[in-house]
Structures are given as structure tokens and as C-alpha cells.
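Contents: one structure, followed by commentary.
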Amino acid sequence: MRSLNRRLEKTLHEALKVQANLNVPFVFRDSRCVRKNQFIHRYPDGKIFLIQQDRRTSKEVVLKQL
């Protein structure tokens, strides 16, 4: 099981590096997301934004920088 965990962890780290190189945000939800269509975008440069996504069009609007 440890071997599998190490391989999975290595794969995850590699994927996160690729994501950072492409400046793709890490997207998640936390207590700051008060509506179902709100998300946090954390970029590799450290900037963090609260965004809201239109459910019909997927268009994103930045509500504020955190």
C-alpha cells in the first residue's frame, strides 16, 4: 500500500507542477463561498480570488481578490 501511495503522491505533484506552469488556478470551495456557484481560485503566483460562475454559460465573474 505504501508503494501505491508514493506513486499516487508523485503523480499528483507532477500534475500540480504542470498546472502551475500553465498558470491554471487551484479551484476549491470553503466557507467564503456562500452560494453554490461560488468558488475560490488560487493561482501559482499566490493570488486568490472569489469567483462566481454562471450555471448556464459557465462564465466566471471575479467578486473580489482575497
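The opening residue of the sequence shown carries number 98 in the numbering used here; numbering runs sequentially from there. The C-beta atom is built at its ideal place from N, Cα and C for all residues, glycine as well.
Extent of the continuous beta strand (DSSP E) to which R139 belongs: 135-139
7 angstroms Cβ shell around R139 - same chain, five flanking residues per side excluded: P122, F123, I145
Outcome for F136 when other beta-carbon atoms lying within 10 angstroms are tallied against a minimum of 16: buried
Coarse secondary structure for V124, derived from DSSP in three states: strand
Limits of the alpha helix (DSSP H) - the one that L115 falls within: Checking the displayed sequence, the identity of residue 115 turns out to be Val instead of Leu. Element bounds for V115: 99-118.
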